[in-house]
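Asker:
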Amino acid sequence: MTTTTMPTERRSAAPATRPARSGPVKPRWTFAGTATAVGAVILAALWLVPLLWALDTSLKPEPETTRAPITWLPEAPTGDAYRSVIEQGDLIRWFLNSTVVSILVTALTLFVSVLAAYGFSRTTFPGRRVLFGLIIAGILVPPQVLIVPLFQEMTGLGLVDTYWGIVLPQVVAPVMVFVLKKFFDGISRDYEDAARVDGASRWRIVWSVMVPMSRPILVAVGIFTFIGAWNNFLWPFIVTTDPSMMTIPVGLANVQGSYGLRYAQIMASAVLGGLPLLIVYALFQRHVVRGVGDAGIKG
Amino acid sequence: MQGPDWKQRWGGLFFVAPFLLLFALFMLWPIASGFWNSFFNTSLAGVKHEFLGLQNWRDLFGDPAVWSSLKNTLVFTAMSTPPLVIIALLMALLANRKGILGWLLRFSYFAPFVLPATVVTLIWVWIYQPGFGLVNGLLTAGGFAEIDWLNTENRAMLAVVITTVWWTVGFNFLLYLAALQGIPAQVYEAAAIDGANGRQQLFRITLPLLSRTTGLIVVLQLVASLKIFDQIYLMTNGGPNYATRPIIQYIYESGFTSYRIGYASAISYLFFAIIVIVAVAQFKLFSGRGEAA
Numbered sequence: 001m002t003t004t005t006m007p008t009e010r011r012s013a014a015p016a017t018r019p020a021r022s023g024p025v026k027p028r029w030t031f032a033g034t035a036t037a038v039g040a041v042i043l044a045a046l047w048l049v050p051l052l053w054a055l056d057t058s059l060k061p062e063p064e065t066t067r068a069p070i071t072w073l074p075e076a077p078t079g080d081a082y083r084s085v086i087e088q089g090d091l092i093r094w095f096l097n098s099t100v101v102s103i104l105v106t107a108l109t110l111f112v113s114v115l116a117a118y119g120f121s122r123t124t125f126p127g128r129r130v131l132f133g134l135i136i137a138g139i140l141v142p143p144q145v146l147i148v149p150l151f152q153e154m155t156g157l158g159l160v161d162t163y164w165g166i167v168l169p170q171v172v173a174p175v176m177v178f179v180l181k182k183f184f185d186g187i188s189r190d191y192e193d194a195a196r197v198d199g200a201s202r203w204r205i206v207w208s209v210m211v212p213m214s215r216p217i218l219v220a221v222g223i224f225t226f227i228g229a230w231n232n233f234l235w236p237f238i239v240t241t242d243p244s245m246m247t248i249p250v251g252l253a254n255v256q257g258s259y260g261l262r263y264a265q266i267m268a269s270a271v272l273g274g275l276p277l278l279i280v281y282a283l284f285q286r287h288v289v290r291g292v293g294d295a296g297i298k299g
Numbered sequence: 001m002q003g004p005d006w007k008q009r010w011g012g013l014f015f016v017a018p019f020l021l022l023f024a025l026f027m028l029w030p031i032a033s034g035f036w037n038s039f040f041n042t043s044l045a046g047v048k049h050e051f052l053g054l055q056n057w058r059d060l061f062g063d064p065a066v067w068s069s070l071k072n073t074l075v076f077t078a079m080s081t082p083p084l085v086i087i088a089l090l091m092a093l094l095a096n097r098k099g100i101l102g103w104l105l106r107f108s109y110f111a112p113f114v115l116p117a118t119v120v121t122l123i124w125v126w127i128y129q130p131g132f133g134l135v136n137g138l139l140t141a142g143g144f145a146e147i148d149w150l151n152t153e154n155r156a157m158l159a160v161v162i163t164t165v166w167w168t169v170g171f172n173f174l175l176y177l178a179a180l181q182g183i184p185a186q187v188y189e190a191a192a193i194d195g196a197n198g199r200q201q202l203f204r205i206t207l208p209l210l211s212r213t214t215g216l217i218v219v220l221q222l223v224a225s226l227k228i229f230d231q232i233y234l235m236t237n238g239g240p241n242y243a244t245r246p247i248i249q250y251i252y253e254s255g256f257t258s259y260r261i262g263y264a265s266a267i268s269y270l271f272f273a274i275i276v277i278v279a280v281a282q283f284k285l286f287s288g289r290g291e292a293a
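Chains as they are written, first to last, in UniProt numbering: chain A, 1 to 299; chain B, 1 to 293.
1. With 8 Å as the threshold, decide whether the Cβ of A148 (chain B) is near any Cβ in chain A.
2. If you count every other CB in all the chains shown that lies within 10 Å of the CB of Q152 (chain A), and 16 or more means buried, which is it?
3. Does the Cβ of A24 (chain B) have 16 or more other Cβ atoms within 10 Å, making it buried, or fewer, making it exposed?
4. Rounded to a whole number of angstroms, what is the C-alpha to C-alpha distance between V167 (chain A) and L104 (chain A)?
5. What number of angstroms, rounded off, separates the C-alpha of V211 (chain A) from the C-alpha of R196 (chain A)?
6. Please state whether DSSP places E50 (chain B) in a helix, a strand or coil.
7. Under 6 Å Cβ to Cβ from I247 (chain B), same chain only, skipping five residues before and after it: list those, please.
8. What whole-angstrom Cβ distance do V169 (chain B) and G274 (chain A) have, given they're in contact under 8 Å?
9. Can you tell me where the alpha helix (DSSP H) with T30 (chain A) in it begins and where it stops?
10. Can you tell me which of A:L218, A:I279, A:W207, A:A40 puts its alpha carbon nearest to the alpha carbon of I94 (chain B)?
11. Using the Cβ count rule (16 or more neighbours within 10 Å means buried), how would you classify K26 (chain A)?
12. To which residues does DSSP link N41 (chain B) through a beta bridge?
13. Quick one: residues in its chain with C-beta nearer than 7 Å to the C-beta of V101 (chain A), no 5 flanking neighbours on either side, listed in chain order?
14. For L20 (chain B) and L134 (chain A), I'd like the C-alpha separation in whole angstroms.
15. Along the alpha helix (DSSP H) that carries M170 (chain A), what are the first and last residues, could you check?
16. May I have a chain-ordered list of the alpha helix (DSSP H) segments no shorter than 4 residues that lie completely inside the stretch 77-146 of chain B?
17. Please list the terminal residues of the continuous alpha helix (DSSP H) segment that includes G199 (chain A).
18. Within the continuous alpha helix (DSSP H) that includes F184 (chain A), where are the two ends?
19. Please state if the CB of A156 (chain B) and the CB of P240 (chain B) are separated by a distance shorter than 8 Å.
20. Among B:F15, B:G133, B:L60, B:N41, which residue has its Cα nearest to the Cα of F51 (chain B)?
21. Taking the alpha carbon of I274 (chain B) as the reference point, which residue from A:L140, A:P169, A:A116, A:P236 has its own alpha carbon closest?
22. Please classify E64 (chain A): does DSSP put it in a helix, a strand, or coil?
23. Touch check for the stretch 174-191 of chain A and the stretch 108-118 of chain A: three-plus C-beta pairs under 8 Å?
24. Between which residues of its own chain and M154 (chain A) is the CB-CB distance below 7 Å, once the five residues before and five after are set aside?
25. Can you tell me the Cα-Cα spacing of L48 (chain A) and L105 (chain B), whole angstroms?
26. Rounded to a whole number of angstroms, what is the C-alpha to C-alpha distance between K7 (chain B) and D190 (chain A)?
27. L210 (chain B) and Y176 (chain B) - do their beta-carbons sit closer together than 8 Å?
28. Taking the alpha helix (DSSP H) that G238 (chain B) belongs to, which residues open and close that run?
29. Name the chain A residues that come within less than 7 Å of N37 (chain B), Cβ to Cβ?
30. Is it the case that the Cβ atoms of W149 (chain B) and Y128 (chain B) are separated by a distance below 8 Å?
31. Can we say the stretch 270-290 of chain A touches the stretch 60-68 of chain A, given the rule of at least three CB pairs closer than 8 Å?
32. Reducing DSSP to helix, strand and coil, say where residue 300 (chain A) ends up.
33. Cutting at 8 Å between CB atoms, please list the residues of its own chain near A224 (chain B), excluding the five before and the five after it.
34. Provide the residue span of the alpha helix (DSSP H) that contains R93 (chain A), from first to last.
Below you can see the structure in the form of structure tokens.
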């Protein structure tokens, strides 16, 4: 598409901004710049269409959804689909489960990973290198290959259909320990030494020196952990059989079957299932975007 | 007392202990027990426990379903990785701007990534619906024949790939965007002073400086694509006629539908080996190139 002309507008405009005040204001309009912007907006529209189509469908009365040719906007928008989805289903319950699970996963992951990262970054004990190597190797293990033995283990522990059964395996995130350890390695020891002179224990140092100093990265990995936990499908799908213990992604998997061909209702439940994170993302976009860079989630 | 001395030597272990405990319980243990099980005829209840030796492993190599589902996984990976890298790069170049437009672009490109798989597939199954779905609505409006995307053998995988690109390209986009924003403005100013035009700046500066990022994104994407399960399971359930069933779905079915725990574990190990080989090979390649650059 417009790849080749892309950065023209932004780049060539950049040096021009400084003298702009002294000279006459030159029009910064360029053909390439406009073409790029238009291309960008078209691509964005293409990416939004499925979401808008879902919203659009959810506001139609049922008969209108299956009419050919398709109608673009609902002729008489109605909230009926939302009302029936909320009244008849377990959606609220699943929402609650997702919230509990995601908060627990995020809090526990940050807690154990911060402690471990500090341990590997700042303390010495016999076997430290071997253990760290083992954890690094753990980054390579896809959780998907563990589903069968993990389910057996959960059955043995009696954790099937419990919050802990859903949460605990997701807390094991070796990549988190790796990223945080790398970040802690970059923090000067002067701060800790000062705290230690003041009599702070290592435990205190973790929470009142290291954590405040790594706030941005913790926020970033926290947001990603939360999104990951909220959206995780395979593991909660396997470890829950009782509909009242299901999370939103798992519960919604059965919706298609139970609502039959009532597309307005299916789309209403999809919108309700997707909305919370879209709102979270819209609010925290800066953190998410910057976080990917800072955190070097890239590894 | 030897208290302080002991504390000095072993105290650090206290910090890593909580993570290590969970790591041992929910990663090392299932890895070990899965390997152990692969030599037994174990049912899900764990009642039958008959030693089979290498029987599961021999079965695996002779089972056409293993190879066809592995092939589907590889086909999906080959089809999805190039667009997921190229479109992400394009998006990053387009959205690397300030102001409200920049915000809107970043929001639109990344928004689908925050949705759960189920929501994504509910929407796309509806979009692909014959008769009154969006895609076929547009096709018929344009005078083309309808396609039953998810129930046609050589169209279903394409449909899943399109959905996947829409859903997950946002993450690679953010990685590229972060890398782009890490390129100092002075580099471009210097190039502009030397008379480099926009096209030259793109091909001589931006793209070469992004090559490390590209290597990284390709590795991450290959590994992520190999783990395909959610979208396919939810959109086609592996069909039509197993034409899209990925290897993880076969593992799932062997374990939880046929209750062949030992066999499912053996397939898991085959798959695990492939992931490790790809990741390590790509990582070697990538870090080697990184040092040379």
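Where a beta carbon is used, it is the ideal one built from N, C-alpha and C, also for glycine.
All figures in this text were calculated on a predicted structure; none of them were measured in a lab.
Answerer: Let's see:
1. Counted from its first residue, the second sequence places residue 148 (chain B) at position 148. In the sequence under discussion, the amino acid at residue 148 (chain B) is Asp, which differs from the Ala named in the question. The C-beta of D148 (chain B) comes no closer than 8 Å to any C-beta of chain A.
2. As a first step, residue 152 (chain A) must be located in the first sequence, where it is residue number 152. Buried.
3. In the second sequence, the residue the question calls residue 24 (chain B) occupies position 24. A24 (chain B) is exposed by the Cβ-count criterion.
4. The residue you call residue 167 (chain A) lines up with position 167 of the first sequence. The residue you call residue 104 (chain A) lines up with position 104 of the first sequence. V167 (chain A) and L104 (chain A): Cα-Cα distance of roughly 7 Å.
5. Here residue 211 (chain A) refers to the residue found at position 211 when the first sequence is read from its first residue. Here residue 196 (chain A) refers to the residue found at position 196 when the first sequence is read from its first residue. So the alpha carbons of these two residues sit roughly 16 Å apart.
6. Against the second sequence, residue 50 (chain B) aligns to sequence position 50. Of the three classes helix, strand and coil, the one that applies to E50 (chain B) here is strand, per DSSP.
7. Working through the second sequence from its first residue, we reach residue 247 (chain B) at position 247. Excluding positions up to five away in sequence, the list reads S69, L70, T73, F271.
8. Residue mapping note: residue 169 (chain B) aligns to position 169 of the second sequence, counting from 1. Residue mapping note: residue 274 (chain A) aligns to position 274 of the first sequence, counting from 1. Actually they are not in contact, since the Cβ atoms of V169 (chain B) and G274 (chain A) sit about 17 Å apart, beyond 8 Å.
9. Here residue 30 (chain A) is taken as the residue at index 30 of the first sequence, counted from 1. That residue, T30 (chain A), is in no alpha helix (DSSP H); it is neither H nor E in DSSP.
10. Along the second sequence, read from residue 1 onward, the residue named residue 94 (chain B) stands at position 94. Here residue 94 (chain B) turns out to be Leu, not Ile, going by the sequence shown. Checked all of A:L218, A:I279, A:W207, A:A40; the closest Cα to L94 (chain B) is A:A40.
11. By one-based count along the first sequence, residue 26 (chain A) stands at place 26. In this prediction, K26 (chain A) has a pLDDT of 42, which is less than 50 and means its spatial position is unreliable; what the coordinates show is noted afterwards. With fewer than 16 other Cβ atoms within 10 Å, it is exposed.
12. Numbered from 1 along the second sequence, position 41 holds the residue referred to as residue 41 (chain B). According to DSSP, N41 (chain B) bridges with B:E50.
13. Walking along the first sequence from the start, residue 101 (chain A) turns up at place 101. So the qualifying residues of the chain are Y163, I166, V167, A229, T247.
14. For this step, residue 20 (chain B) is matched to residue 20 along the second sequence. For this step, residue 134 (chain A) is matched to residue 134 along the first sequence. Taking the straight line from one Cα to the other gives about 10 Å.
15. Here the question's residue 170 (chain A) lines up with position 170 in the first sequence. Met is not the amino acid found at residue 170 (chain A); the sequence shown has Gln there. Taken as a continuous stretch (DSSP letters only), the alpha helix (DSSP H) holding Q170 (chain A) covers 163-171.
16. 99-110, 117-128, 134-141
17. One-based indexing of the first sequence puts residue 199 (chain A) at position 199. G199 (chain A) -> no alpha helix (DSSP H), and no H or E assigned at all.
18. Taking the first sequence and counting its residues from 1, one reaches residue 184 (chain A) at position 184. Segment 174-185, the alpha helix (DSSP H) holding F184 (chain A).
19. Here residue 240 (chain B) refers to the residue found at position 240 when the second sequence is read from its first residue. Here residue 156 (chain B) refers to the residue found at position 156 when the second sequence is read from its first residue. In this structure, A156 (chain B) lies closer than 8 Å to P240 (chain B) by Cβ.
20. Mapped onto the second sequence, residue 51 (chain B) falls at position 51. Among B:F15, B:G133, B:L60, B:N41, the Cα nearest to that of F51 (chain B) belongs to B:N41.
21. For the purposes of this step, residue 274 (chain B) is identified with residue 274 of the second sequence, where counting begins at 1. Taking only the C-alpha atoms, the option nearest I274 (chain B) is A:L140.
22. For the purposes of this step, residue 64 (chain A) is taken as the residue at position 64 of the first sequence. Three-state result, E64 (chain A): helix.
23. The stretch 174-191 of chain A vs the stretch 108-118 of chain A: in contact.
24. Start at 1 with the first residue of the first sequence, and residue 154 (chain A) comes out as number 154. So the list reads V160, G165, V239, once near-sequence residues are dropped.
25. As a working mapping, residue 48 (chain A) is identified with position 48 in the first sequence. As a working mapping, residue 105 (chain B) is identified with position 105 in the second sequence. Using only the alpha carbons, I get a separation of about 10 Å.
26. By one-based count along the second sequence, residue 7 (chain B) stands at place 7. By one-based count along the first sequence, residue 190 (chain A) stands at place 190. In a straight line, the C-alpha of K7 (chain B) is about 22 Å away from that of D190 (chain A).
27. If you number the second sequence from 1, residue 176 (chain B) lands on position 176. If you number the second sequence from 1, residue 210 (chain B) lands on position 210. It is a contact, given that the beta carbons lie within the stated cut-off.
28. Numbered from 1 along the second sequence, position 238 holds the residue referred to as residue 238 (chain B). Looking at the DSSP string, G238 (chain B) is not in any alpha helix (DSSP H), and its letter there is neither H nor E.
29. Here residue 37 (chain B) is taken as the residue at index 37 of the second sequence, counted from 1. Residues of chain A passing the Cβ test: P149.
30. In the second sequence, the residue the question calls residue 149 (chain B) occupies position 149. In the second sequence, the residue the question calls residue 128 (chain B) occupies position 128. For W149 (chain B) and Y128 (chain B), yes; Cβs fall inside 8 Å.
31. no
32. Since the first residue shown for chain A is 1 and the last is 299, residue 300 (chain A) is missing from the structure and cannot be characterised.
33. In the second sequence, the residue the question calls residue 224 (chain B) occupies position 224. Taken in chain order, the residues that qualify are T168.
34. In the first sequence, counting from the first residue as 1, residue 93 (chain A) sits at position 93. 91-122 is the extent of the alpha helix (DSSP H) around R93 (chain A).
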